[in-house]
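Numbering (the working numbering), first residue to last: 150 to 299.
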């Protein structure tokens, strides 16, 4: 089986799980139909996660304010747009995906970053300022959100 065939097979299995509403990854949650990320080797090593785990995305409205406030500050510090951040809940922490732009049609590229926050808002380890190897799959690839009103 070629590498391309293996990747297509993996994507088909993940897509089937989303449609069925039950992800098989260790950390996948009930919100997985909203979106998900499959952890790559870089994020696994940086944040002591498991490579290949599927983590469900949660709408920003469901993320504790203390987490979004801390993540927004870190995003600005790293020159990312806080309004473009996406959140994935591991069960005890929020993996945050940073982006510099989030207009329709803009997809994640190597200019994006990542950080992990406990539910208390405390950052775990250092932020990744580049995503090379940080994830294997991201669904959907792009997501736009309206900035929160002050």
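A virtual CB, placed ideally from N, CA and C, is assigned to each residue, including glycine.
Computed from a predicted structure; not experimentally measured.
{"Item": "For residue 196 and residue 224, believed in contact at Cβ under 8 Å, the rounded distance", "Value": "The pair is not a contact, with the Cβ atoms about 17 Å apart (cut-off 8 Å)."}
{"Item": "Among 289, 273, 285, 291, the one whose alpha carbon lies nearest that of residue 191", "Value": "285"}
{"Item": "Of the residues 193, 182, 183, 184, the one placed nearest residue 275, counting alpha carbons only", "Value": "193"}
{"Item": "Residue 221 classed as buried or exposed, judged by whether at least 16 other C-beta atoms fall within 10 angstroms", "Value": "buried"}
{"Item": "Rounded C-alpha distance that separates residue 189 from residue 205", "Value": "15 Å"}
{"Item": "8 Å Cβ cutoff met for residue 271 and residue 184", "Value": "no"}
{"Item": "Residue 209, buried or exposed, once every other Cβ within 10 Å from all chains shown has been counted against 16", "Value": "buried"}
{"Item": "Beta-carbon separation (whole angstroms), residue 303 vs residue 199, contact threshold 8 Å", "Value": "With the chain covering 150 to 299 only, the question about residue 303 has no answer from this structure."}
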